[in-house]
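Colleague: Structure below; questions to follow.
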Amino acid sequence: MVRKSDRSGRSRSGPGVSKPRQRVPLPPVPHPAPDPASELLRALGPERGRSAVRRFEAAAKAFRAERFKEALPLLTRLARDAPDLADIRELHGLVLYRLGRFKAAMGELEYFRELSGSTEQHPVLADCHRALGRWADVEALWKELGAASPSAELVTEGRLVLAGAKADRGELPAAIRVLEQGWKLPSRPRDHHLRRAYALADLYERAGRSPRARELFRWVESHDPRLADVSQRVRALS
């Protein structure tokens with residue numbers, strides 16, 4: 003399932019939880035992903051199964067079109083009818099996340115993690131914990147993501163969440179270190195490189211390091227002037 007997240011404008015909760023929740027350890031490799039249509043037919047029978055497949059396809063289409071309120075009731079019913087199907091839990095969690103229902107999204111994505119044995123949604127799951135002030139869980143999920151060594155894009159997403167969580171707590175030097183670790187300007191930047199550079203420039207500015215922030219914002223703008231408000235940030239620092 004394609005992850006699509008939006009971590010802007012989040013309100014943060016309280017002082018946070020000191021200990022991470024207990025989790026079933028991940029397997030060495032993710033569990034094989036069954037075909038959701040086949041699983042729905044198997045679990046619900048031909049008639050109910052075909053109806054459930056249509057609902058799942060409609061929910062996925064609504065999600066891709068960012069019609070999250072339309073997708074939610076379809077997925078809520080599917081999660082009730084087929085509670086142990088990872089694809090349904092995943093999409094349900096993502097829709098709840100995009101609607102700002104972070105506690106409910108956390109529950110769905112924790113269950114997706116357990117069902118799938120995958121770190122695919124760890125950045126979104128960690129951001130749910132971040133929104134709820136569960137800092138220890140953000141750290142624990144980051145360690146789990148790093149141990150799995152998935153794609154560079156996925157690790158970058160997790161790194162952005164971890165840095166954001168530290169910044170939320172006022173730990174700007176620590177947040178900057180998270181994004182600086184192993185960082186260098188790539189000659190052919192991809193989207194995740196630009197997002198990381200933008201976030202790092204933002205932290206530099208917040209920490210009072212305006213010349214470094216300006217330099218990095220300009221680099222991002224030179225590659226993608228439409229990324230967030232980067233052109234405005236460059237002008238404000240010039």
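Throughout the sequence shown, residue numbering follows the numbering used here, covering 3 to 240 in sequence. Note that the Cβ used here is the ideal one computed from N, Cα and C, for glycine as well. Just so you know, these numbers come straight off a predicted model, no measurement behind them.
Nearest by alpha-carbon distance to phenylalanine 58: which of Ala39, Phe70 and Arg69 is it?
Modeller: Your numbering for residue 58 matches position 56 in the sequence shown. Residue Ala39 is the option with its Cα nearest to phenylalanine 58.
Colleague: Are the segment 165 to 175 and the segment 44 to 53 touching, with three or more C-beta to C-beta distances below 8 Å?
Modeller: no
Colleague: Figure out for me which residue from Leu42, Arg214 and Asp37 has the closest Cα to the Cα of proline 85.
Modeller: Along the sequence shown, read from residue 1 onward, the residue named residue 85 stands at position 83. The shortest C-alpha separation from proline 85 is found at Leu42.
Colleague: Check whether the Cβ atoms of alanine 167 and cysteine 130 lie closer than 7 Å to each other.
Modeller: By one-based count along the sequence shown, residue 167 stands at place 165. By one-based count along the sequence shown, residue 130 stands at place 128. In this structure, cysteine 130 does not lie closer than 7 Å to alanine 167 by Cβ.
Colleague: If alanine 128 and glycine 148 are in contact, beta carbons under 8 Å, what's the gap, nearest whole angstrom?
Modeller: Here residue 128 refers to the residue found at position 126 of the sequence shown. Here residue 148 refers to the residue found at position 146 of the sequence shown. Actually they do not touch by this definition, with Cβ atoms about 12 Å apart.
Colleague: Measuring only the C-alpha atoms, how far is serine 7 from serine 20?
Modeller: Here the question's residue 7 lines up with position 5 in the sequence shown. Here the question's residue 20 lines up with position 18 in the sequence shown. In this prediction, serine 7 scores a pLDDT of 46, lower than 50, which makes its location untrustworthy; no coordinate-derived value is stated.
Colleague: In the DSSP assignment, find the unbroken alpha helix (DSSP H) run with histidine 225 in it and report its ends.
Modeller: Residue mapping note: residue 225 aligns to position 223 of the sequence shown, counting from 1. 212 to 225 is the span of the alpha helix (DSSP H), which, as asked, contains histidine 225.
Colleague: If you pair each beta-carbon of the segment 84 to 102 with each one of the segment 56 to 75, do three or more pairs fall below 8 Å?
Modeller: yes
Colleague: When the Cα atoms are used, what is the spatial distance from leucine 28 to arginine 192?
Modeller: Here residue 28 corresponds to residue number 26 of the sequence shown, with the count starting at 1. Here residue 192 corresponds to residue number 190 of the sequence shown, with the count starting at 1. So the two alpha carbons sit approximately 29 Å from each other.
Colleague: Sorry if obvious, but does the Cβ on glutamate 141 come closer than 6 Å to a heavy atom of the ligand NAD?
Modeller: For the structure depicted, the ligand NAD is absent and the ligand set is empty, with no information on it obtainable.
Colleague: Could you round the C-beta distance between valine 222 and leucine 205 to whole angstroms and report it? I think they count as a contact, below 8 Å.
Modeller: Along the sequence shown, one-based indexing puts residue 222 at 220. Along the sequence shown, one-based indexing puts residue 205 at 203. Valine 222 to leucine 205, Cβ: 13 Å. No contact.
Colleague: Give me the Cα-Cα distance between arginine 190 and leucine 218, rounded to the nearest whole angstrom.
Modeller: As a working mapping, residue 190 is identified with position 188 in the sequence shown. As a working mapping, residue 218 is identified with position 216 in the sequence shown. Near 15 Å, if we compare the C-alpha coordinates of leucine 218 and arginine 190.
Colleague: In terms of alpha-carbon separation, which member of Asp231, Ser151 and Trp137 lies closest to valine 163?
Modeller: What you label residue 163 is simply residue 161 of the sequence shown in a count that begins at 1. Looking at the Cα atoms, Trp137 is the closest of the given residues.
Colleague: Taking the alpha-carbon positions, what's the glutamine 24 to alanine 45 distance?
Modeller: Indexing the sequence shown from 1 puts residue 24 at position 22. Indexing the sequence shown from 1 puts residue 45 at position 43. C-alpha separation (whole angstroms): 29 Å.
Colleague: What is the rounded straight-line gap between the Cα of threonine 158 and the Cα of alanine 150?
Modeller: The sequence position of residue 158 within the sequence shown is 156, counting from 1. The sequence position of residue 150 within the sequence shown is 148, counting from 1. Approximately 13 Å, taken between the alpha carbons.
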